[in-house]
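Visitor: Structure below; questions to follow.
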Amino acid sequence: MASKGILKTGEAYCLMCNESLEPGVSRCPSCDVEFEQDVRAFACPRCRTVMAFGTPQCPKCNMKFRVKVVSPMQSAEDDKLLVKLIEWGKPPAAPTEASETPPQGPSPEEL
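Residues in the sequence shown are numbered consecutively from 112, following our numbering.
Encoded structure:
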């Protein structure tokens with residue numbers, strides 16, 4: 112399965128032959144492989160070989176990388192916390208007109 116690697120800068124590379132690609136190409140001009148998907152990629156700091164995120168070791172220079180494991184989101188708990196924060200950040204409710212003016216008795220004209 113051939114993939115096109117997209118760097119943070121937006122540059123695209125063939126992950127089979129490491130050739131720099133023009134935007135929007137669906138086939139590598141160097142190795143003639145057809146791309147099935149675009150993947151996030153990074154360049155090896157030692158040899159500049161481009162590889163997909165999550166690759167534990169550079170295939171060219173054998174430099175090892177620490178692969179970060181991202182834990183699944185706790186969406187229900189996060190949603191509850193977000194709602195609390197939104198409620199906490201709202202300004203206090205303005206008093207209504209009925210509560211601002213004290214109840215009055217009948218006016219002198221009504222008597």
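C-beta: ideal position from N, C-alpha, C; glycine also.
1) DSSP puts K179 in a beta bridge; with which residues?
2) Among K171, P170, F153 and L196, which has the Cα closest to the Cα of T120?
3) What's the call for L126, buried or exposed, on a 16-neighbour Cβ count within 10 Å?
4) Under the DSSP definition of a beta bridge, which residues are partnered with K119?
5) Taking 8 angstroms as the threshold (C-beta atoms), are F146 and S186 in contact?
Guide: Let me spell this out:
1) Here residue 179 refers to the residue found at position 68 of the sequence shown. Answer is none; K179 lacks a bridge partner.
2) In the sequence shown, counting from the first residue as 1, residue 120 sits at position 9. Nearest of K171, P170, F153 and L196 to T120, Cα basis: F153.
3) Here residue 126 is taken as the residue at index 15 of the sequence shown, counted from 1. Burial of L126 is indicated by the presence of at least 16 other C-beta atoms within 10 angstroms of its C-beta.
4) In the sequence shown, counting from the first residue as 1, residue 119 sits at position 8. Per DSSP, none; premise fails for K119.
5) For the purposes of this step, residue 186 is taken as residue 75 along the sequence shown, with counting starting at 1. For the purposes of this step, residue 146 is taken as residue 35 along the sequence shown, with counting starting at 1. No, the Cβ-Cβ distance between S186 and F146 is not below 8 angstroms.
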